[in-house]
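Just so you know, we're using this note's numbering here: the sequence shown kicks off at 41 and counts up by one. Built from N, CA and C at the ideal position, the CB exists for glycine as well.
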Amino acid sequence: MPENKRDKLLGRYFAGRKEPNPTSAGIEADAVAAGDRSRKLMASFR
Numbered sequence: 041m042p043e044n045k046r047d048k049l050l051g052r053y054f055a056g057r058k059e060p061n062p063t064s065a066g067i068e069a070d071a072v073a074a075g076d077r078s079r080k081l082m083a084s085f086r
């Protein structure tokens, strides 16, 4: 699975766990932010 697709899925999963932003742009931004956080988290385990 391409890295960015996986990040988007992870991001969407994490974004869905907190209070979701009702606009799709907000959801996308949440997904990007969450993907960023998960990437940093995974990098810390390497």
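Annotation for Ala-71: Lys-48, Gly-51, Arg-52, Ala-55 place their beta carbon closer than 7 Å to its own, counting only its chain and skipping 5 residues before and after. Cβ neighbours of Asn-44 within its own chain (closer than 8 Å, five residues either side excluded): none. Linking Ser-64 to Ser-78 through their CA atoms gives a straight-line distance of about 21 Å.
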